[in-house]
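S.K.: The opening residue of the sequence shown carries number 2 in my numbering; numbering runs sequentially from there.
For each residue, glycine too, the CB sits at the ideal point set by N, CA and C.
This structure is a prediction, so every number in the text was calculated from the model and none was measured.
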Amino acid sequence: MLNIYQEFVRNHQYSLQILAHCKQNRDFDKLLKQYEAKPDCEERTLETFLTYPMFQVRLLITVLLHNVIKYINLTSDKRSLCSCNTEVKYIKIRS
Numbered sequence: 002m003l004n005i006y007q008e009f010v011r012n013h014q015y016s017l018q019i020l021a022h023c024k025q026n027r028d029f030d031k032l033l034k035q036y037e038a039k040p041d042c043e044e045r046t047l048e049t050f051l052t053y054p055m056f057q058v059r060l061l062i063t064v065l066l067h068n069v070i071k072y073i074n075l076t077s078d079k080r081s082l083c084s085c086n087t088e089v090k091y092i093k094i095r096s
């Protein structure tokens, strides 16, 4: 699973560039806007959907660290994990 995510992140910017290139085609852009206007999209753009998985992984890491911290007894390990948890919360996702 981690390999898939790493590959996704590695290709994310390229995916956005390809989408921007495709949107230069009026027919493509018109069709994309029709699909994005559908209620199922909840007013989200394709760019948002392409970026969304990056936020989900960050949230998953935060939840996992929080749960591990609850069950750790060693104070030095706990401090390290708390510090790591704090850092993860401040990771800025580039889009």
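For residue 12 and residue 30, I'd like the C-alpha separation in whole angstroms.
M.R.: The straight-line gap from Cα to Cα measures roughly 22 Å.
S.K.: So, helix, strand or coil for residue 26, using DSSP?
M.R.: Note: residue 26 maps to coil in three-state DSSP.
S.K.: Kindly indicate which three-state DSSP category residue 52 falls into: helix, strand or coil?
M.R.: DSSP places residue 52 in helix when its eight states are reduced to three.
S.K.: For residue 34, name the three-state secondary structure that DSSP assigns.
M.R.: Residue state, collapsed to three classes: helix.
S.K.: What's the gap between the Cα of residue 72 and the Cα of residue 37?
M.R.: Using only the alpha carbons, I get a separation of about 44 Å.
S.K.: Given a cut-off of 9 Å on the beta-carbon distance, is the pair residue 20 and residue 44 in contact?
M.R.: Not a contact, by the Cβ cut-off of 9 Å.
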